[in-house]
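Numbering (our numbering), first residue to last: 24 to 152.
The structure appears right after this line, and notes come after that.
Below is the structure:
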């Protein structure tokens with residue numbers, strides 16, 4: 024087995040060759056049930072998904088409606104590393120959407136939820152969580 028692993032030719036699941044694989048399977052099942060599917064973990068995951076979807080909706084509308092008051096305000100919230108132009112010319116809406124998606128995907132969970140709450144009026148900027 025170790026020769027195959029070193030050579031890169033081993034194709035079986037490592038766990039299948041373990042002496043105590045059933046115990047490992049049982050442990051894995053308990054981890055999924057008690058950790059990954061715990062109520063608080065599921066709530067956090069759902070809140071994060073809601074925040075990401077909400078941020079995308081808000082900022083996409085800002086990109087697609089650049090002349091609106093909301094679009095103008097949102098454009099001012101983009102970080103400096105989120106340029107609206109490239110090589111001296113304005114970026115297309117598609118390029119802006121790509122950069123927006125990249126920016127939001129790079130946010131920490133905490134920051135994304137906080138920003139979403141601020142933009143939705145559920146939290147005052149600079150307030151405590």
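Virtual Cβ for every residue (Gly too), placed ideally from N, Cα, C.
Everything numeric in this text was worked out from a predicted model, so none of it was measured.
Terminal residues of the continuous alpha helix (DSSP H) containing residue i?
{"i": "residue 58", "result": "Taken as a continuous stretch (DSSP letters only), residue 58 belongs to no alpha helix (DSSP H), as it is neither H nor E."}
{"i": "residue 93", "result": "92-100"}
{"i": "residue 115", "result": "Per DSSP, residue 115 belongs to no alpha helix (DSSP H) and is neither H nor E."}
{"i": "residue 136", "result": "132-142"}
{"i": "residue 27", "result": "25-30"}
Leaving out five residues on either side along the sequence, give the residues of the same chain with a beta carbon under 8 Å from the beta carbon of residue i.
{"i": "residue 141", "result": "147, 148"}
{"i": "residue 110", "result": "none"}
Open item on the list: Assess contact between the stretch 118-136 and the stretch 73-92, defined as three or more Cβ pairs (one per stretch) separated by less than 8 Å. Is contact present?
Closed with: yes
- [ ] May I ask you to verify whether the stretch 85-97 touches the stretch 63-73, counting CB pairs closer than 8 Å and requiring at least 3?
- [x] no
Task: Segment contact flag, the stretch 83-90 with the stretch 108-128, C-beta cutoff 8 Å, min 3 pairs - done: yes
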